[in-house]
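Numbering (full-length UniProt numbering), first residue to last: 1 to 428.
Every residue, glycine too, gets a C-beta built ideally from N, C-alpha and C.
Comments concern the structure below.
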Amino acid sequence: MGCGSSNKITIIINLDRNNSFYYTGEYVNGNVQLNIMDGELAASEICIKLIGEIGYTTSRTGSDGRGHTNTQTQYHHIPFYSSEFTIAQSANEQQQLVYDQGKYSWPFQIFLTEDLASEICIKLIGEIGYTTSRTGSDGRGHTNTQTQYHHIPFYSSEFTIAQSANEQQQLVYDQGKYSWPFQIFLTEDLPPTINDHRSYPRVRYYLQVILDKISYRSNTKETPYLNIFPRVNLLQNPQCLISTTFNNKNKKDVILKGTLNKSGIIPGESITGTLEIENPRKVLIKCIYVTLFQNYEIGSDSRRLKIFETTLPEIVNLKNEQIREPFSIIIPPNILPPSYKFNGGLQAIVNVHIHYLIKFEVIVEGIFCDFHVDIPIILGTEPNPDPYPDQQQIFNSLNTPDVPNYEQSEFKDNDPPPDYDSVVLNVE
Numbered sequence: 001m002g003c004g005s006s007n008k009i010t011i012i013i014n015l016d017r018n019n020s021f022y023y024t025g026e027y028v029n030g031n032v033q034l035n036i037m038d039g040e041l042a043a044s045e046i047c048i049k050l051i052g053e054i055g056y057t058t059s060r061t062g063s064d065g066r067g068h069t070n071t072q073t074q075y076h077h078i079p080f081y082s083s084e085f086t087i088a089q090s091a092n093e094q095q096q097l098v099y100d101q102g103k104y105s106w107p108f109q110i111f112l113t114e115d116l117a118s119e120i121c122i123k124l125i126g127e128i129g130y131t132t133s134r135t136g137s138d139g140r141g142h143t144n145t146q147t148q149y150h151h152i153p154f155y156s157s158e159f160t161i162a163q164s165a166n167e168q169q170q171l172v173y174d175q176g177k178y179s180w181p182f183q184i185f186l187t188e189d190l191p192p193t194i195n196d197h198r199s200y201p202r203v204r205y206y207l208q209v210i211l212d213k214i215s216y217r218s219n220t221k222e223t224p225y226l227n228i229f230p231r232v233n234l235l236q237n238p239q240c241l242i243s244t245t246f247n248n249k250n251k252k253d254v255i256l257k258g259t260l261n262k263s264g265i266i267p268g269e270s271i272t273g274t275l276e277i278e279n280p281r282k283v284l285i286k287c288i289y290v291t292l293f294q295n296y297e298i299g300s301d302s303r304r305l306k307i308f309e310t311t312l313p314e315i316v317n318l319k320n321e322q323i324r325e326p327f328s329i330i331i332p333p334n335i336l337p338p339s340y341k342f343n344g345g346l347q348a349i350v351n352v353h354i355h356y357l358i359k360f361e362v363i364v365e366g367i368f369c370d371f372h373v374d375i376p377i378i379l380g381t382e383p384n385p386d387p388y389p390d391q392q393q394i395f396n397s398l399n400t401p402d403v404p405n406y407e408q409s410e411f412k413d414n415d416p417p418p419d420y421d422s423v424v425l426n427v428e
């Protein structure tokens, strides 16, 4: 029989990295511990899953017909990736893996109680999450908005930790602690982790332990969430390593022309180029803002985040007819998901697109005289610039495993999400 809802089995998942950051093409290694505090456990399979998931919200507005409206927020959690690793498995359907009371360890910590299982496995799951809104009316002049939260898995990889010899045989573990090692290979074409795993929209990856196809979340404070980035090598895209030009003008005939030495950048590297300004009317040019934006679309949800902003120090309060200034701006050596486009999934197609742009905004004296130019850039992961550390070293220096949001989104979700597990139970 399965493990049911017994509280006499405890499971812990430990990773071999304290920062939980991985690149695609790497293995996720860890340890599962099982503690059976009373009785025995029999199972046909034990496995662990890595899951990628998106979460988003939708809103629905309705009316009660008396001039009052109400808004309902719906939370969606959609896994988009699942990778399973079998820890232990019985030889056939009749045989069960049987564990007496005690402690067991397959480097991947699991604490077990009294129950039956023929297999123990661990899964890595990739999932996107996003929100949508729906506005409705009750027919009496009142409207309400409901926010719906979507979670779509797009990836799953499973590793079997323990398995009985056959379907009739059970895995039996006595009271104690058990530990199994596991290894899950990350395929090359996974989208990057985007946003905190509790935010919407998001792309997230997490691990689950499976006892006879019943999922157990780790008994630590949180489910183990992984930060996974695809490798984006700028050398494989020569077009982004050559110079690019741009230009624009305003109604006062102020013309901005510029050149970027290249459009492919690594965090910690400098954006370099030259700006030329033609100002025949000698109007006052107050300053030029340079801003790096991150744009992403996850499912049907999209956001724009301001990563950083600065001004060019040599172009402040000038009226020159001709201005020509080189510039060099360092991209902060922070953890930033690389530019990437993903289209795939498991049961449903998942779309994830993250891209960046540099905005040059010229602030000119007068009403509606400001103007700007947007230049798309590609943010890569390699080759890393010198002398900045690589991103794995940056992750190692963090105190928390979460990928931070560097700036508040310009588009905000006002409704806080409910508890994850309470929502997932109602998601089809």
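Residue i and residue j look like a contact to me (Cβ under 8 Å); what is the Cβ gap, rounded to whole Å?
i              : j             : result
threonine 147  : threonine 160 : At roughly 39 Å, the Cβ-Cβ gap does not stay under 8 Å, so threonine 147 and threonine 160 are not in contact.
glycine 73     : threonine 61  : Before going on, a small fix: residue 73 reads as threonine here, not glycine. With a Cβ gap of about 10 Å, threonine 73 and threonine 61 do not count as contacting.
glycine 258    : glutamate 278 : Not really, about 12 Å apart at Cβ, beyond 8 Å.
glycine 136    : arginine 202  : Going by Cβ atoms, the distance from glycine 136 to arginine 202 rounds to 26 Å, so no, they are not a contact pair.
leucine 41     : isoleucine 9  : 6 Å
glutamine 89   : serine 164    : 6 Å
isoleucine 363 : tyrosine 289  : 7 Å
arginine 204   : glutamate 127 : 6 Å
glutamine 294  : leucine 305   : 5 Å
lysine 252     : cysteine 369  : 6 Å
glycine 141    : valine 232    : That pair is no contact at about 52 Å.
asparagine 248 : lysine 286    : Rounded, the Cβ-Cβ distance is 17 Å, inconsistent with contact.
isoleucine 298 : isoleucine 54 : 5 Å
By a C-beta neighbour count over all protein chains shown, 10 Å radius and 16 as the cutoff for buried, is residue i buried or exposed?
i              : result
isoleucine 367 : exposed
isoleucine 242 : exposed
tyrosine 200   : buried
serine 179     : buried
asparagine 195 : buried
threonine 187  : exposed
leucine 284    : exposed
leucine 34     : buried
glycine 176    : buried
glutamate 309  : exposed
proline 191    : buried
proline 280    : exposed
aspartate 16   : exposed
glycine 25     : exposed
For the beta strand (DSSP E) that contains residue i, what are its first and last residues?
i              : result
glutamine 294  : 285 to 298
aspartate 301  : 301 to 311
serine 328     : 322 to 330
histidine 76   : 69 to 79
glutamine 96   : 95 to 99
valine 316     : Taken as a continuous stretch (DSSP letters only), valine 316 belongs to no beta strand (DSSP E), as it is neither H nor E.
histidine 372  : 371 to 379
leucine 357    : 349 to 364
asparagine 237 : That residue, asparagine 237, is in no beta strand (DSSP E); it is neither H nor E in DSSP.
leucine 275    : 270 to 278
Roughly how many angstroms separate the alpha carbons of residue i and residue j, rounded to a whole number?
i                 : j                 : result
proline 333       : proline 267       : 5 Å
proline 389       : glutamate 382     : Its pLDDT being 47, under 50, proline 389 is placed unreliably by the model, and nothing is read from it.
aspartate 301     : valine 350        : 12 Å
glutamate 365     : threonine 291     : 20 Å
leucine 116       : asparagine 18     : For leucine 116, the predicted model reports a pLDDT of 45, less than 50, meaning its position is unreliable and no value from the coordinates is stated.
isoleucine 152    : tyrosine 75       : 12 Å
isoleucine 184    : threonine 274     : 47 Å
isoleucine 125    : isoleucine 36     : 26 Å
residue 430       : valine 28         : This structure does not reach residue 430, given that the chain is present from 1 up to 428, and the question cannot be answered.
proline 181       : isoleucine 330    : 42 Å
aspartate 189     : proline 230       : 7 Å
phenylalanine 360 : proline 79        : 38 Å
alanine 162       : valine 352        : 35 Å
glutamine 208     : isoleucine 271    : 41 Å
phenylalanine 246 : phenylalanine 327 : 15 Å
residue 497       : histidine 355     : The chain is shown only over 1 to 428; residue 497 falls outside these bounds and no answer can be derived.
lysine 262        : histidine 372     : 19 Å
serine 44         : lysine 123        : 16 Å
isoleucine 120    : asparagine 31     : 13 Å
aspartate 174     : tyrosine 104      : 8 Å
isoleucine 51     : histidine 77      : 12 Å
serine 20         : threonine 244     : 37 Å
glycine 39        : glycine 102       : 9 Å
leucine 346       : lysine 319        : 59 Å
proline 224       : tyrosine 149      : 22 Å
tyrosine 155      : asparagine 14     : 21 Å
arginine 48       : isoleucine 210    : For the sequence presented, residue 48 should be read as isoleucine rather than arginine. Computed Cα separation, rounded: 5 Å.
tyrosine 23       : glycine 264       : 19 Å
residue 435       : asparagine 70     : Only positions 1 to 428 of the chain appear in the structure, and residue 435 is not among them; the question remains open.
Does any residue of chain B have a CB that is nearer than 8 Å to the CB of residue i?
i             : result
glutamine 294 : Here there is only one protein chain, and chain B is not present.
### Query
Are the stretch 90 to 101 and the stretch 330 to 341 in contact at 8 Å, needing three or more beta carbon pairs?
No, they do not touch.
### Message
Contact between the stretch 367 to 377 and the stretch 307 to 324 is defined here as three or more beta-carbon pairs at a separation below 8 Å; is this criterion met?
### Response
Output reads no: the stretch 307 to 324 does not touch the stretch 367 to 377.
### Task
Would you check if there are 3 or more beta carbon pairs closer than 8 Å linking the stretch 229 to 239 to the stretch 81 to 91?
Here the stretch 229 to 239 does not lie against the stretch 81 to 91, with fewer than 3 beta-carbon pairs under 8 Å apart.
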